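The numbering used here puts the sequence shown at residues 65 to 327. We put the CB at the ideal spot given by N, CA and C, even for glycine. All figures in this text were calculated on a predicted structure; none of them were measured in a lab.
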Amino acid sequence: MNASITGLRTELGGVLAQRIARSADKPIHFNVARQAANSLLHDGHAWKDFPRRALADTRRALRSAQTSKASMLVHASFAFVHAVEHGADLPEPLRSSLEAIRECEALVLAAPMPACVVRLGYLYGPECADLRAYRSAFLIGRPYWCGPPTARQYHLHQFDAASALIKAARPKNAGKVLYATDDQPASFTQLMDAFAHRVGRPKPRHLPLWSKLLAKVIIREEHMQQVALPMPAGTPQPQVPGWKPGFAHYRAGLDQVMAAWDE
Numbered sequence: 065m066n067a068s069i070t071g072l073r074t075e076l077g078g079v080l081a082q083r084i085a086r087s088a089d090k091p092i093h094f095n096v097a098r099q100a101a102n103s104l105l106h107d108g109h110a111w112k113d114f115p116r117r118a119l120a121d122t123r124r125a126l127r128s129a130q131t132s133k134a135s136m137l138v139h140a141s142f143a144f145v146h147a148v149e150h151g152a153d154l155p156e157p158l159r160s161s162l163e164a165i166r167e168c169e170a171l172v173l174a175a176p177m178p179a180c181v182v183r184l185g186y187l188y189g190p191e192c193a194d195l196r197a198y199r200s201a202f203l204i205g206r207p208y209w210c211g212p213p214t215a216r217q218y219h220l221h222q223f224d225a226a227s228a229l230i231k232a233a234r235p236k237n238a239g240k241v242l243y244a245t246d247d248q249p250a251s252f253t254q255l256m257d258a259f260a261h262r263v264g265r266p267k268p269r270h271l272p273l274w275s276k277l278l279a280k281v282i283i284r285e286e287h288m289q290q291v292a293l294p295m296p297a298g299t300p301q302p303q304v305p306g307w308k309p310g311f312a313h314y315r316a317g318l319d320q321v322m323a324a325w326d327e
């Protein structure tokens, strides 16, 4: 697949580039520029100035796709939009970013070339610098903001995100909004406690919910909103046709992360 990528220097962009096999196929353009925000691992800092930057990057991706005469544009978006579309309340400040996400999707679907949107689950994987930072924090016993333990979200290994985007690059998917998530929703508490156990901290410390005002000194409100936003029951549909996650459960994905770091 001949491809160009807006957001090549991001973590997901690097993973995607490694998995694109070159051939004589018509060129595809991928936009993954703002996927750094599509994670529960960054304490909210990736949402800084998100609406302006996301719209600018999406317009840049559209120009790049036209310049390269791409036969299709595949735009990586955010699966948590599914929760809001099914009635979840999302106040400011994250609501402004949500509106920008929807505007970016609309720009892509109105593109002059065939295009599709793939809403990805919250990303994690061996290339994730924020996950490495959590490892360091757990090793020194630092507590973390986990949010409500009953708020379950869908996650996605970086490798599966890349394979889903590549699989979505088919003419039959033009004009569609598709999903790529794992099969088992899990709260941020479940995900990170399982990770902490794997790095030698069986009982990580949690910042209590009553400490929210104090925690805001180091954690952005957007992160607190994310971890408290549960996904509706049932895997978001429609999933990318013909694609299945290689790591259907976060436990298998975390095992792969640890194995990759040990190599």
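_Could you compute how far the alpha carbon of P212 sits from the alpha carbon of Q289?_
C-alpha of P212 to C-alpha of Q289: approximately 10 Å in a straight line.
*Do the segment 160-177 and the segment 288-308 meet, that is, are 3 or more Cβ pairs less than 8 Å apart?*
Proximity of the segment 160-177 to the segment 288-308 falls short of the contact definition, fewer than three beta-carbon pairs being nearer than 8 Å.
*So the alpha helix (DSSP H) M322 belongs to, where does it begin and stop?*
It spans Y314 to D326 - the alpha helix (DSSP H) in which M322 sits, taken as one unbroken run.
*Count the CB pairs spanning the segment 171-191 and the segment 227-244 that are closer than 8 Å, and state whether there are at least three.*
Between the segment 171-191 and the segment 227-244, the count of C-beta pairs closer than 8 Å reaches three or more; the two stretches touch.
*Given A226, which residues of its chain have a CB within under 6 Å of its CB, disregarding the five upstream and five downstream residues?*
Excluding residues within five positions, the ones whose Cβ falls inside 6 Å are V79, L80 and R83.
_Using the Cβ count rule (16 or more neighbours within 10 Å means buried), how would you classify P309?_
With 16 or more other Cβ atoms within 10 Å, it is buried.
*Report yes if the C-beta distance between R269 and R206 is below 9 Å; otherwise report no.*
In this structure, R206 lies closer than 9 Å to R269 by Cβ.
*Cβ-Cβ separation, A143 to F93 (assumed contact under 8 Å), whole Å*: At residue 93 the sequence reads His, which differs from the Phe that was named. Their Cβ separation, rounded to whole angstroms, is 21 Å, which puts H93 and A143 out of contact at 8 Å.
*Nearest-angstrom Cβ-Cβ length linking G108 and H221, presumed shorter than 8 Å*: G108 to H221, Cβ: 22 Å. No contact.
*asked:* Using a Cβ-Cβ cutoff of less than 7 Å, which residues in the same chain neighbour I283 once the five nearest sequence positions on both sides are dropped?
replied: Spatial neighbours of I283 in its own chain (CB-CB distance under 7 Å, excluding positions within 5 residues in sequence) are listed in chain order as D107, G108 and W209.
*Candidates T299, Q254 and E149: closest to T214 by CA position*: The closest CA to that of T214, considering only T299, Q254 and E149, is found on Q254.
*asked:* From the DSSP secondary-structure annotation, give me the bridge partner or partners of S141.
replied: Answer is R183, bridged to S141.
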